[in-house]
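Scroll down for the structure; my scribbles are underneath it.
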Amino acid sequence: MAEENKAQRFEALMLPHLDAAWNLARWLTRSDHDAEDVVQEAFLRALRFFEGFHGAQSRPWLLAIVRNTAYSWMEKNRDATVPLAEDGSHDGVEEAGPETLAMRGDARRRVNDALARLPAEYREVMVLRELEDLSYREIAQVAAIPMGTVMSRLARGRKLLSGYLAGGEKERIR
Amino acid sequence: MNCDQALKLLATHADGELGLPHASELEAHLQGCADCRAQFAALTELRAGVRMHAAYHAAPAGLATRIRAALERESSVAPSAASAPAESPRRRWTWAWPQIGAALAMAFALAWSVGLYLVLPGAEESLEKELVASHVRALMADHALDVASSDQHTVKPWFNGKLDFSPEVTDLAAQGFALAGGRLDYVGGRPVAALVYLHRQHRINLYVWPSDRNDAPAGATRQGYHLLHWTRNAMSYWAVSDLNPVELAQFRDALLKTMR
Numbered sequence: 001m002a003e004e005n006k007a008q009r010f011e012a013l014m015l016p017h018l019d020a021a022w023n024l025a026r027w028l029t030r031s032d033h034d035a036e037d038v039v040q041e042a043f044l045r046a047l048r049f050f051e052g053f054h055g056a057q058s059r060p061w062l063l064a065i066v067r068n069t070a071y072s073w074m075e076k077n078r079d080a081t082v083p084l085a086e087d088g089s090h091d092g093v094e095e096a097g098p099e100t101l102a103m104r105g106d107a108r109r110r111v112n113d114a115l116a117r118l119p120a121e122y123r124e125v126m127v128l129r130e131l132e133d134l135s136y137r138e139i140a141q142v143a144a145i146p147m148g149t150v151m152s153r154l155a156r157g158r159k160l161l162s163g164y165l166a167g168g169e170k171e172r173i174r
Numbered sequence: 175m176n177c178d179q180a181l182k183l184l185a186t187h188a189d190g191e192l193g194l195p196h197a198s199e200l201e202a203h204l205q206g207c208a209d210c211r212a213q214f215a216a217l218t219e220l221r222a223g224v225r226m227h228a229a230y231h232a233a234p235a236g237l238a239t240r241i242r243a244a245l246e247r248e249s250s251v252a253p254s255a256a257s258a259p260a261e262s263p264r265r266r267w268t269w270a271w272p273q274i275g276a277a278l279a280m281a282f283a284l285a286w287s288v289g290l291y292l293v294l295p296g297a298e299e300s301l302e303k304e305l306v307a308s309h310v311r312a313l314m315a316d317h318a319l320d321v322a323s324s325d326q327h328t329v330k331p332w333f334n335g336k337l338d339f340s341p342e343v344t345d346l347a348a349q350g351f352a353l354a355g356g357r358l359d360y361v362g363g364r365p366v367a368a369l370v371y372l373h374r375q376h377r378i379n380l381y382v383w384p385s386d387r388n389d390a391p392a393g394a395t396r397q398g399y400h401l402l403h404w405t406r407n408a409m410s411y412w413a414v415s416d417l418n419p420v421e422l423a424q425f426r427d428a429l430l431k432t433m434r
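Taken in order, these protein sequences are the chains called H and W. Numbering of the first sequence is given in our numbering, commencing with residue 1 and proceeding in unit increments. Numbering of the second sequence is given in our numbering, commencing with residue 175 and proceeding in unit increments.
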């Protein structure tokens, strides 16, 4: 395969998943700055691994690399990583809607805080399931865990999450 | 089915991953059991809350360009997998290649071993491939719409003279699936109507063409995209999206309701 073709094929297959890659990296690192490094590096690594990609599903394949890159990155840059914002200000996405903004803003903040507070192994399966709409099988592939573990982590993650949401701000269950 | 069995299956059902026989058994149990129904409702509510309120972080503007540039440098400067990264974004660090390789190998082995796939006959399969390819092409080339309008009375007449049939066009904004427009496409060896609907960040392509077949409703998953197929009023319908199967089925049902 000519290098040029390979690069073109790679871009055509993988760049459409840029938002998914970013969303996962952003939720794992909890920082825009870190996510930028992770996603750029993940794409470069994915290109290098591309020979090993044989027409399987491109999104889980890429997300598996993003996930590994994010964890290696956080391992290497433990001191540099931004600690979880306690004021909930890490939520950068704002859509103006016709809903009562105050109420909606509050719900948004509470859900985002709760999700950000989940331990990483639960946060990642929740993000992959609820925000990326991946199937159990695809989550298993991305997180390199058996399907049974996907299901038990989702169950545990949801339990923790509803606890955080019900407990409000007082209780820190971490 | 008793409550213990039902409770174990609730989450799998809410995630749309329960096989049909179990799903109908569970549904039957839920009909008659208020306790389990309440548990199921709580779970569904939590999921809906997360989906509605959790931030979906979209990549910042310009990142695609930066990545394209980095990829070009990488493939022109360093064609072999063994060479060093051309230029790391901001920092440099060494990589634990063997571990990453092992992790990936594991992920692939797992993907192979967990074969939970719907198997469909060959002709359908190639049609599904074509549909997914068309869906992806429309997303990538940013050529999703020939006619951009949320007004069904604008979209439907647009197809006049372009197709040998007139597709039904219904806006489902009230049900959460807003019509975005339509385009001509070519699938299965014939020109077809592709209607585009939006649901949150997800795009649904609804392909429509005449058919005298009367297929049972079917679904499939390909490359991470979900497909639903049904026939109605001598038309064949295929909905393709990265939306999860449960919500895609809601889309189909909302549409079918308008077609009676």
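Just so you know, even glycine gets a beta-carbon here, dropped at the ideal spot from N, CA and C.
Would you mind telling me which residues of chain W sit closer than 7 Å to residue i, beta carbon to beta carbon, in chain order?
i      : result
N5/H   : In chain order: nothing, as chain W lies at least about 10 Å away.
A64/H  : L278, A281
L118/H : Under the 7 Å cutoff, chain W gives no residues; its nearest Cβ is about 11 Å from L118/H.
L28/H  : The premise fails here: L28/H is roughly 11 Å from chain W at the closest Cβ pair, so nothing lies under 7 Å.
V125/H : Residues of chain W passing the Cβ test: none, with the nearest at roughly 11 Å.
So, for residue i: in the same chain, excluding its five sequence neighbours on each side, which residues have a beta-carbon less than 8 Å away from its beta-carbon?
i      : result
V7/H   : The displayed chain sequence assigns Ala, not Val, to residue 7/H. These residues qualify, in order along the chain: L47.
L204/W : A180, C210, R211, F214
P83/H  : Low local confidence applies: a pLDDT of 49 at P83/H is under 50, so the model's placement there is unreliable, and no value is given.
G289/W : Residue confidence is low: G289/W scores 42 on pLDDT, short of 50, so the model does not pin down where it sits. No coordinate-derived value is stated.
M409/W : F339, P341, E342, V382, W383, P384, S385
L200/W : M175, A180, L183, L184, H187, L192
R158/H : M126
D106/H : none
N23/H  : V127, L131, E132
R123/H : W27, L28, L115, A116, G157
Starting from residue i, find everything on chain W with Cβ-Cβ shorter than 8 Å and list it in chain order.
i      : result
L18/H  : A233, L237, A238, I241
R129/H : D189
L47/H  : L245, E248, S249
L161/H : L220, V224
A166/H : Neighbours of A166/H on chain W: none; closest Cβ ~10 Å, over 8 Å.
Anything in chain H within Cβ reach of residue i, meaning under 7 Å, just list it in chain order.
i      : result
A277/W : N68, A144
G416/W : According to the sequence provided, residue 416/W is Asp. The question's Gly does not apply to it. Under the 7 Å cutoff, chain H gives D133.
Three-state secondary structure (DSSP) at residue i?
i      : result
Y230/W : coil
H187/W : helix
S410/W : strand
A390/W : coil
T344/W : coil
F49/H  : helix
G206/W : helix
R374/W : coil
H327/W : helix
L154/H : helix
H54/H  : coil
G356/W : strand
R240/W : helix
A178/H : Residue 178/H is absent from the structure shown; chain H starts at 1 and stops at 174.
L161/H : helix
R30/H  : coil
F333/W : coil
A423/W : helix
L401/W : strand
L417/W : coil
N168/W : What the structure shows of chain W is the stretch from 175 to 434, and residue 168/W is not part of that stretch, so it cannot be assessed.
For residue i, return the contacting residues in chain H, with the cut-off set at a CB-CB distance below 8 Å.
i      : result
T395/W : S135
L313/W : P16
V310/W : P16
Within the same chain, show all residues whose beta-carbon is closer than 6 Å to that of residue i, passing over the 5 residues directly before and after it, in chain order.
i      : result
K330/W : V343
A318/W : A312, V370
L430/W : none
E11/H  : none
H403/W : A392, W412
Leaving out five residues on either side along the sequence, give the residues of the same chain with a beta carbon under 7 Å from the beta carbon of residue i.
i      : result
L252/H : Lying before the first or after the last residue shown, residue 252/H is absent from chain H, which here runs from 1 to 174.
K336/W : L358
P234/W : none
H156/W : Because chain W here runs from 175 to 434, residue 156/W falls outside it and cannot be looked at.
H376/W : S415, D416, L417
G350/W : H373
R436/W : Outside the shown range of chain W, which is 175 to 434, sits residue 436/W, and nothing can be said about it.
What in chain H is Cβ-close to residue i, meaning under 9 Å?
i      : result
A185/W : M151, L154, A155, R158
Given that residue i touches chain W, what residues does it touch there, using C-beta distances under 9 Å?
i      : result
R108/H : M226, H227, A228, A229
E121/H : The contacting residues do not exist; E121/H stays about 15 Å from chain W at best.
task: Count the CB pairs spanning the stretch 341-352 of chain W and the stretch 396-403 of chain W that are closer than 8 Å, and state whether there are at least three.
output: no
- prompt: With a cut-off of 8 Å, do at least 3 Cβ pairs link the stretch 38-52 of chain H to the stretch 129-139 of chain H?
  reply: no
query: Are the stretch 140-147 of chain H and the stretch 55-75 of chain H in contact at 8 Å, needing three or more beta carbon pairs?
result: yes
field: Start-end ranges of the beta strand (DSSP E) lying completely within the stretch 109-152 of chain H, minimum 3 residues
entry: none
message: Would the stretch 351-363 of chain W count as touching the stretch 301-308 of chain W if we require 3 or more Cβ pairs under 8 Å?
response: yes
Given 8 Å, three or more beta-carbon pairs between the stretch 368-377 of chain W and the stretch 297-304 of chain W: no
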